[in-house]
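The structure appears right after this line, and notes come after that.
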Amino acid sequence: MKYRNVGRSGLRVSEVGLGSWLTYGTATERDTAIECIDTAYRLGVNFFDTANAYNRGEAEKLVGEALRKYPRSSYVLATKVYFPMGDGPNDRGLSRKHIMEQCDASLKRLGVDYIDLYQCHRFDASTSLEETLFALDDLVRQGKILYAGVSEWSAAQISQAKAIEDKRNLRPIISNQPIYNMLVRYIEKDVIPTSEQFGVGQVVFSPLAQGILTGKYQPGSAIPEDSRAANDNTNHWIRSYLRDDVLTSVKKLEHIARELDANLSQLAIAWTLRQSNVASAIIGASRVSQVEENVKAVDLELTPDVLSEIDTVLQEIDGFVPIW
Ligand code: NAP
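Residue numbers (the numbering used here): 1 to 324.
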């Protein structure tokens, strides 16, 4: 495994991280989920991502339980706050009240004394940014979180946060967690350049486009059983990728991977890691074999020629925008 600093912070995370959305505490059978986490840990993954909202706390409980047997200092535990955790008016968003209450609830569900990286899952336009940033700063002072991050914030929102941090002398937001894969590249335009300027690192999600960039979905063929797209409870987002033109281009990417003696998932993950601002690619895995396969991406070097071959294929579906 290889490790990178998150932005300008001293926090070092594995280039491949393991997440738990739609998998652990949800669709993946419990023993398999724990085995996936154990395998990742054994292979050097130290970065584990979850969120309070993933199956309303169930993912946090499972991830916390799986990691509890390991020394607390040996892994970086990231979770999030923002999406509704109840029906009340204060059960969502980034108010001081909700952040403080949910941080305590997450610590309890995870069974840890502190969270390494506490992320604002989205931007909350209904709460003053200053209120949110002060709450995060207080959590750091209280020792409940070590670092704060955000997820899917725009370049403008990151810039606003940095201006407030500077003015009020608050501890910095160190990371942003956006979607980033060969099929969704919007962060390249503004988010990465702005983040680089302010020392914010990306810990990107869905590097495999939820499984599309593994080659398991073939143009004109039935959706494989036991795949995310076949599961009625989890396929809401992935369905928008299932177009023949997209899958036909994906087949060409698979061919490029094969020429490198790699598979498509490794190529897709390595492609996200070519960006130095990306500290980690957070994968999902429903099987142990997927973890084993995907972590090998860190050893795949992509030459400028290969990158330009990939770009040529991606130009065929330029303009495609899935739902995420
Ligand atoms: P992904 O890595 O793009 O997709 C993971 C899924 O692809 C797996 O669950 C598996 O699904 C399939 N897969 C993975 N490796 C495979 C392989 N080698 N061969 C065949 N199939 C393979 O990532 P993701 O699950 O969408 O997201 C990863 C993590 O990012 C989440 O767990 C979460 O922590 C984070 N995330 C954050 C946000 C946010 O808003 N911040 C949003 C989404 C995700 P099947 O086997 O079921 O087909």
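C-beta: ideal position from N, C-alpha, C; glycine also.
Here the structure is a predicted model, which means the values were calculated and not measured.
Taking a contact to mean a Cβ-Cβ separation below 9 angstroms, would you say residue i touches residue j in this structure?
i       : j       : result
Ile-283 : Gln-290 : yes
Glu-60  : Gly-25  : yes
Ile-145 : Ile-174 : no
Leu-247 : Ile-256 : no
Ala-155 : Pro-193 : yes
Ile-310 : Asp-245 : no
Val-112 : Arg-72  : yes
Arg-253 : Leu-242 : One detail in the question is off: residue 253 reads as Leu in this sequence, not Arg. No. Outside cutoff.
Leu-94  : Ala-135 : yes
Ser-20  : Phe-48  : yes
Glu-301 : Ala-270 : yes
Leu-18  : Val-45  : yes
Asn-277 : Gln-202 : yes
Asn-52  : Arg-109 : yes
How many whole angstroms separate the CB atoms of residue i and residue j, which I take to be in contact at a CB cut-off of 8 angstroms?
i       : j       : result
Glu-15  : Val-298 : 5 angstroms
Ala-66  : Ile-37  : 4 angstroms
Leu-129 : Ile-99  : Contact doesn't hold; Cβ gap of about 12 angstroms is too wide.
Val-140 : Arg-168 : Actually they are not in contact, since the Cβ atoms of Val-140 and Arg-168 sit about 14 angstroms apart, beyond 8 angstroms.
Tyr-147 : Leu-11  : 6 angstroms
Gln-177 : Gly-149 : 6 angstroms
Which first and last residues belong to the alpha helix (DSSP H) in which residue i is found?
i       : result
Ser-289 : 288-295
Tyr-41  : 30-42
Lys-80  : Unbroken run through Lys-80 is the beta strand (DSSP E), 76-81; no alpha helix (DSSP H).
Ile-99  : 96-110
Leu-146 : First-last for Leu-146: 145-150, but that is the beta strand (DSSP E), not the alpha helix (DSSP H).
Val-246 : 244-259
Leu-22  : Taken as a continuous stretch (DSSP letters only), Leu-22 belongs to no alpha helix (DSSP H), as it is neither H nor E.
Arg-274 : Where Arg-274 is concerned, there is no enclosing alpha helix (DSSP H), given that its DSSP letter is neither H nor E.
Beta strand (DSSP E) containing residue i: first to last residue?
i       : result
Gly-64  : No beta strand (DSSP E) contains Gly-64, which is instead part of the alpha helix (DSSP H) from 58-67.
Arg-4   : 3-5
Gln-210 : No beta strand (DSSP E) contains Gln-210, which DSSP labels as neither H nor E.
Leu-117 : 115-120
Val-278 : 278-283
Ser-9   : No beta strand (DSSP E) holds Ser-9; DSSP gives it neither H nor E.
Ser-175 : 173-176
Phe-47  : 47-49
Would you call residue i buried or exposed, if buried means 16 or more other Cβ atoms sit within 10 Å of its Cβ?
i       : result
Leu-133 : buried
Ser-106 : buried
Tyr-180 : buried
Ile-323 : exposed
Ser-151 : buried
Gln-197 : exposed
His-236 : exposed
Gln-119 : buried
Ser-221 : exposed
Gly-88  : exposed
Asp-31  : exposed
Gln-315 : exposed
Ser-195 : buried
Item checked: the stretch 224-235 contacting the stretch 176-195, beta-carbon criterion three pairs below 8 angstroms -> no
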